[in-house]
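Student: Pasting a structure below so you can have a look.
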Amino acid sequence: MRSVEGLTPWPAELAALYREKGLWEGRTLMELIEERAAARPDHPAVACDAMTLTYAQLLDRAHACGDRMLRAGLRADDRIVVQLPNGWQFVVLLLACLRTGILPVMALPAHREHELRYLVDHAEARALAAPLHLRDFDHAALAMKLRETTETLEFVLLQGDPSAVPEDTLALDSLCAARARDEEHVAVPQPDPSAVAVFLLSGGTTGMPKLIARTHDDYVCNVRETARHTALGDDTVYLGTLPLGHNFPLGCPGILGTLIAGGTIVPLASPHPERTFAAIERFGVTHTAAVPAVVATWLDHASTVGAEQLSSLRVLQVGGARLADELAARVVSLLPGRLQQVFGMAEGLINLTRLDDPVEIVIGTQGRPACAADEVRIINEESGQEVAVGEPGLLLTRGPYTPRGYYNAPEANARSFTPDGWYISGDIVVQTPEGNFVVSGRSKDMINRGGENISAEEIENLAYRLEAVRLAAAVAMPDAQLGERVCLFAVLHDEHVLELEHVRNAFQEWGVAAYKHPDRLETVDELPLTKVGKIDKKALRELLLASLPAS
Numbered sequence: 085m086r087s088v089e090g091l092t093p094w095p096a097e098l099a100a101l102y103r104e105k106g107l108w109e110g111r112t113l114m115e116l117i118e119e120r121a122a123a124r125p126d127h128p129a130v131a132c133d134a135m136t137l138t139y140a141q142l143l144d145r146a147h148a149c150g151d152r153m154l155r156a157g158l159r160a161d162d163r164i165v166v167q168l169p170n171g172w173q174f175v176v177l178l179l180a181c182l183r184t185g186i187l188p189v190m191a192l193p194a195h196r197e198h199e200l201r202y203l204v205d206h207a208e209a210r211a212l213a214a215p216l217h218l219r220d221f222d223h224a225a226l227a228m229k230l231r232e233t234t235e236t237l238e239f240v241l242l243q244g245d246p247s248a249v250p251e252d253t254l255a256l257d258s259l260c261a262a263r264a265r266d267e268e269h270v271a272v273p274q275p276d277p278s279a280v281a282v283f284l285l286s287g288g289t290t291g292m293p294k295l296i297a298r299t300h301d302d303y304v305c306n307v308r309e310t311a312r313h314t315a316l317g318d319d320t321v322y323l324g325t326l327p328l329g330h331n332f333p334l335g336c337p338g339i340l341g342t343l344i345a346g347g348t349i350v351p352l353a354s355p356h357p358e359r360t361f362a363a364i365e366r367f368g369v370t371h372t373a374a375v376p377a378v379v380a381t382w383l384d385h386a387s388t389v390g391a392e393q394l395s396s397l398r399v400l401q402v403g404g405a406r407l408a409d410e411l412a413a414r415v416v417s418l419l420p421g422r423l424q425q426v427f428g429m430a431e432g433l434i435n436l437t438r439l440d441d442p443v444e445i446v447i448g449t450q451g452r453p454a455c456a457a458d459e460v461r462i463i464n465e466e467s468g469q470e471v472a473v474g475e476p477g478l479l480l481t482r483g484p485y486t487p488r489g490y491y492n493a494p495e496a497n498a499r500s501f502t503p504d505g506w507y508i509s510g511d512i513v514v515q516t517p518e519g520n521f522v523v524s525g526r527s528k529d530m531i532n533r534g535g536e537n538i539s540a541e542e543i544e545n546l547a548y549r550l551e552a553v554r555l556a557a558a559v560a561m562p563d564a565q566l567g568e569r570v571c572l573f574a575v576l577h578d579e580h581v582l583e584l585e586h587v588r589n590a591f592q593e594w595g596v597a598a599y600k601h602p603d604r605l606e607t608v609d610e611l612p613l614t615k616v617g618k619i620d621k622k623a624l625r626e627l628l629l630a631s632l633p634a635s
C-alpha cells in the first residue's frame, strides 16, 4: 500500500510493549463505534438543526456512503481531501472512510487553492469533498479547477442541494443518504488496526503543512487516554464548534471519543456566542472545546446576557494556543462547569489539566501528559542537556500516540525528529514540581493566529512573489483578541511602493487562506541581522512592539 511506503514505523519492541500494555488495542476506530451503536441503536448520535441521527441511522448512512464511494471507483488506501464545514455530513463521511479504508486528509474550510493544491499533490489524492458554497466562496468551482489541473484528482464530492451539484461531480448529501431498501451492501475487509486511519495536518513551521499519518492503533490510544480525563460517558453531549478536521475536536477526545463513549455529537458551523449559547441550551451540551480567542467572545457575551443558557455545561476544554491566566480566571468565575486547559499537537502528545485539579493549577498551567507511557524531555536548546525543574526549555516527546515521522517527508523528519524517535515540538515550556507544563513560547518560527498555526516562512515565500519586495520577514504581532496576528516586514526595491491592501489583494488572488493574509505591513530600509547573517526576528519583534500603542 502507498501509505506504508511513506511511514516511519515505531520500533518493533515498542510496538510489542504498547500492545502488551493494552495501549494499542488491535481494534479500529470504526469497530469501537459499531460496538457502541449495537448497544444503544436508538440513542441520538448526531444532533443539529438539520436533523437528528440515532446510532443505527448514523451507521446505516456511513455504511451506505462507503458502499457508494466504492461503487463509484474509490478504493481502500485512496486519499480524499476533506474540506467540509461542521455538520452531519462530515461525521457520516468520516465514518464511511474509517469503514472502507479510504483515507481522509483533513483540510480546513478556510483553505483555498494554494493549500488545497499542495494537499492534493502531496497526498496523491483521488477525491476532494467540499461544500458547493460557503461564506460567499465558490468551493465547487475551485474543486473542479483542481480536478482539471492536478494529476491524481478524479472525484469531486460536493455538499449541498443535490439538484445544484454539477453532473460530472458526486452529490455528497446523496452519498450520505439512508440506504435504499433494494441497495446492495459491498463487502470490504476490516482495515488493519496498524494501518493509517486519517491524515492530520501539521502546523507547518517550514512552508506548507506536513501530513501526519495517524493509525487506528495510535489514534484509539489518543482518544482513550484523553477521554479518561474528560469524564466522557453515554450521557455526554459534545458541541463541536472548532473545525472538526482539527485534532483537538476530532480526537482529544472530541467527536470520536464521544461516539466511542456512546454520547451525542452536536456539530455547529460557527462559534459565534449567540449561536453557541443557544445550541448549548437547546441540546443540553455537557462538553465543548474552544480556542482562547473564541472563549474571550463567549466571556464577553456571558458578561452581557448571563450564563444561564450554559447550565448543562460540565467541561470546557481550551487549547490551540496559550490561555492567559487572566482569561482562565474569568472562565472559572463566570462560566459553569469545569475549565480544562489542553496543550498538545497533532503530532501526538496531549497534555490536560485534570478535572479535580486545584483551581490554581487549572488557571496557571496547561496540564500534564494524558498517558503514563508518554515520554517527555525538556532540554536547553544550545547544549541539548535536560534543564532543571522550573527552568524553561525545549519540549521533546515520544510515546504510543506520537508518530515517529511525517508522511513521505524525509527532510522535514530530519529537522523535527531525533534519530532515536523524539519529536522536537518547538514549544518552550516550564515544568512545575507537580509535573504540569506552563507554555512560555515557541522556538520554531510560528505565528499562532486565533489557534491557527501559520508558518512565517510560508508568508515570506509568498511575499517574494510581489514585484516590489526585495527582502521579507514575517513575525507575530501581539493581539488582545486573537493572541497573535501576522506582521510582514519588507525591504522594497528602489522606486517601488507597497501598501498593505496590495499585499492582501495579492494573497487573495493567489488563493491563500484568509487567516494567513498579513494584518500589518512595515516597510523598512533594511532588516536587522544576527552575527551569523540571519534575519534577526527577535529584533524585529522588539521594533514592532515599540511601534505599537501602549495597551
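The working numbering numbers the first residue of the sequence shown as 85 and each following residue consecutively. Backbone N, C-alpha and C define an ideal beta-carbon position, used for all residues, glycine too.
1) Quick check: the stretch 304 to 320 against the stretch 233 to 253, are there 3 or more CB pairs under 8 Å?
2) In chain order, what are the residue ranges of uninterrupted beta strand (DSSP E) at least 3 long that sit wholly in the stretch 452 to 534?
3) Out of L187, N589, E358, K621, which one is the CA nearest neighbour of A558?
4) May I ask you to verify whether the stretch 122 to 131 touches the stretch 517 to 537, counting CB pairs closer than 8 Å and requiring at least 3?
5) In terms of residue numbering, what span does the beta strand (DSSP E) encompassing H371 cover?
6) Taking its Cβ as the centre, do 16 or more other Cβ atoms sit within 10 Å of L629, making it buried, or is it exposed?
7) Give the range of the beta strand (DSSP E) segment to which G428 is assigned.
8) Can you round the beta-carbon distance between R414 and L383 to whole angstroms, since I take them to be within the 8 Å contact cut?
9) Looking at the strands, I want to know which residues DSSP matches up with Y322.
10) Helix, strand or coil for N170 per DSSP?
11) If I'm right that V514 touches E475 with Cβ under 8 Å, what's the distance once you round it to whole angstroms?
12) Evaluate the contact criterion for the stretch 405 to 412 versus the stretch 361 to 373: three or more CB pairs, one atom per stretch, below 8 Å.
13) Touch check for the stretch 514 to 525 and the stretch 446 to 460: three-plus C-beta pairs under 8 Å?
14) Which class does Q393 belong to by DSSP, given the choice of helix, strand or coil?
15) CB-CB under 8 Å to L439, same chain, minus the five flanking residues each way: which ones, in chain order?
16) Pairs of beta-carbons, one from the stretch 202 to 211 and one from the stretch 598 to 605, closer than 8 Å: are there three or more?
17) Tell me whether F568 is buried or exposed, calling it buried when 16 or more other Cβ atoms sit within 10 Å of its Cβ.
18) For I296 and Y491, which I take to be in contact (beta-carbon distance under 8 Å), what is that distance rounded to the nearest angstrom?
19) Leaving out the 5 sequence neighbours to the left and right, which residues in its chain are closer than 6 Å to C571 when beta-carbon positions are compared?
20) Use the C-beta contact count for W506: other C-beta atoms within 10 angstroms, 16 or more gives buried, fewer gives exposed.
21) To the nearest angstrom, how far is the alpha carbon of V587 from that of E536?
22) Going along the chain, which residues of its own chain have a beta-carbon closer than 6 Å to the beta-carbon of T92, five neighbours each way excluded?
23) In chain order, what residues of the same chain have a beta carbon less than 8 Å from the beta carbon of A262, not counting five sequence neighbours either side?
24) The beta strand (DSSP E) with E536 in it runs from where to where?
Tutor: Inspection of the coordinates gives the following:
1) no
2) 459 to 463, 477 to 482, 507 to 515, 521 to 526, 530 to 533
3) The count along the sequence shown starts at 1 and reaches residue 558 at position 474. Comparing Cα positions, the closest option is K621.
4) no
5) Here residue 371 refers to the residue found at position 287 when the sequence shown is read from its first residue. Segment 371 to 374, the beta strand (DSSP E) holding H371.
6) Counted from its first residue, the sequence shown places residue 629 at position 545. Exposed, since its Cβ has fewer than 16 Cβ neighbours within 10 Å.
7) Counting from one through the sequence shown, the residue named residue 428 turns up at place 344. Counting along the chain, the beta strand (DSSP E) containing G428 begins and ends at 422 to 428.
8) Here residue 414 refers to the residue found at position 330 of the sequence shown. Here residue 383 refers to the residue found at position 299 of the sequence shown. With a Cβ gap of about 5 Å, R414 and L383 count as contacting.
9) Here residue 322 is taken as the residue at index 238 of the sequence shown, counted from 1. I349, H371.
10) Along the sequence shown, one-based indexing puts residue 170 at 86. Three-state result, N170: coil.
11) Position 430 of the sequence shown holds residue 514. Position 391 of the sequence shown holds residue 475. Their Cβ separation, rounded to whole angstroms, is 7 Å, which keeps V514 and E475 in contact under 8 Å.
12) no
13) yes
14) Within the sequence shown, the letter at position 309 stands for residue 393. Note: Q393 maps to helix in three-state DSSP.
15) For the purposes of this step, residue 439 is identified with residue 355 of the sequence shown, where counting begins at 1. H313, T314, A315, V399, R422, Q424, listed in sequence order.
16) no
17) Locating residue 568 in the sequence shown gives position 484, counting from the first residue. According to the sequence provided, residue 568 is Glu. The question's Phe does not apply to it. Counting Cβ neighbours within 10 Å, E568 comes out buried, since at least 16 surround it.
18) Stepping through the sequence shown from its first residue, residue 296 is reached at position 212. Stepping through the sequence shown from its first residue, residue 491 is reached at position 407. At roughly 7 Å, the Cβ-Cβ gap stays under 8 Å, so I296 and Y491 are in contact.
19) In the sequence shown, residue 571 corresponds to position 487, counting from 1. Excluding sequence neighbours, C571 sits near V559, M561, R604, L628.
20) Taking the first residue of the sequence shown as position 1, residue 506 is located at position 422. Classification of W506: buried, given that the 10 Å Cβ count is 16 or more.
21) Position 503 of the sequence shown, counted from the first residue, corresponds to residue 587. Position 452 of the sequence shown, counted from the first residue, corresponds to residue 536. Distance between the alpha carbons of V587 and E536 is about 20 Å.
22) Taking the first residue of the sequence shown as position 1, residue 92 is located at position 8. Taken in chain order, the residues that qualify are R488, G489.
23) Here residue 262 refers to the residue found at position 178 when the sequence shown is read from its first residue. So the list reads Q141, D144, R145, A148, once near-sequence residues are dropped.
24) Counting from 1 along the sequence shown, the entry for residue 536 is found at position 452. Its beta strand (DSSP E) spans residues 536 to 539.
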